[in-house]
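Residue numbers for the sequence shown follow this note's numbering, beginning at 35 and rising by one. Ideal placement from N, C-alpha and C gives every residue a C-beta, glycine not left out. Note that the structure is predicted; figures quoted are calculated from it, not measured.
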Amino acid sequence: MKKILFFLMVAFMGINTVNAQTPEDPDAAKKQEKLQALYVAFITNKLQLSESEAQAFWPVHNEFDKEIKAVGMDLSELKREELILNIKKKYEPRFTKILADPKRVDRLFKLNGEFRKKLVERMRNQQNGIPLRPKLRRGV
Numbered sequence: 035m036k037k038i039l040f041f042l043m044v045a046f047m048g049i050n051t052v053n054a055q056t057p058e059d060p061d062a063a064k065k066q067e068k069l070q071a072l073y074v075a076f077i078t079n080k081l082q083l084s085e086s087e088a089q090a091f092w093p094v095h096n097e098f099d100k101e102i103k104a105v106g107m108d109l110s111e112l113k114r115e116e117l118i119l120n121i122k123k124k125y126e127p128r129f130t131k132i133l134a135d136p137k138r139v140d141r142l143f144k145l146n147g148e149f150r151k152k153l154v155e156r157m158r159n160q161q162n163g164i165p166l167r168p169k170l171r172r173g174v
């Protein structure tokens with residue numbers, strides 16, 4: 035439990051960057067903070083980050099994320115993907131130094147897409163009225 039609280043605190047340190055980009059709507063800001071905390075917990079868990087790794091990792095990841103988000107959506111898909119690939123190549127040595135294993139860095143890049151996919155699936159299920167957690171029936 036201590037580790038989860040620690041990681042969430044680290045996540046909220048990075049939310050200042052997110053808050054600068056969120057709309058003035060307080061509900062939207064709350065949702066953005068919740069998503070950021072879920073993302074941090076997801077990545078931390080999947081990469082099995084130690085406390086020292088997390089302290090070094092998240093500030094670098096926040097820089098990385100800021101650069102990725104700065105890539106314009108108005109670009110052609112090929113150009114956009116090329117720019118994102120170049121950013122990943124730029125940060126790969128920094129992540130490898132922190133995570134001490136190129137396989138974990140590769141996993142990081144894959145996990146970002148996996149998180150987005152799960153998020154979209156969850157949102158779709160909510161829109162279709164599918165409960166997020168199945169209700170347990172008593173006496174079954």
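Three-state class that DSSP yields for residue i in the structure shown
i	result
Asp135	coil
Val105	coil
Asp61	helix
Leu117	helix
Lys147	Residue identity differs from the one stated: residue 147 is Gly in this sequence, not Lys. DSSP places Gly147 in helix when its eight states are reduced to three.
Ser110	coil
Gly48	At Gly48, the pLDDT of 48 sits below 50, so the modelled position is not reliable; the number obtained from the coordinates is stated separately. In the structure shown, Gly48 sits in a helix (DSSP, three-state: H, G or I).
Gln161	helix
Pro93	helix
Gln55	For Gln55, the pLDDT reaches just 49, beneath the cut-off of 50, and the residue's location in the model is therefore unreliable, leaving the point undetermined.
Gln70	helix
Supposed close pair residue i, residue j - CB separation, criterion 8 Å
i	j	result
Val94	Tyr125	7 Å
Glu101	Ile77	The pair is not a contact, with the Cβ atoms about 17 Å apart (cut-off 8 Å).
Leu81	Leu142	6 Å
Glu179	Ile132	Lying outside 35 to 174, the shown extent of the chain, residue 179 is not represented and no answer is given.
Distance cut-off 7 Å: residue i Cβ against heavy atoms of the ligand SAH
i	result
Leu69	Absence of the ligand SAH is noted for the structure shown, with no ligands found whatsoever.
CB contact below 8 Å: residue i versus chain D
i	result
Leu153	This model lacks chain D altogether, as it is built from one protein chain only.
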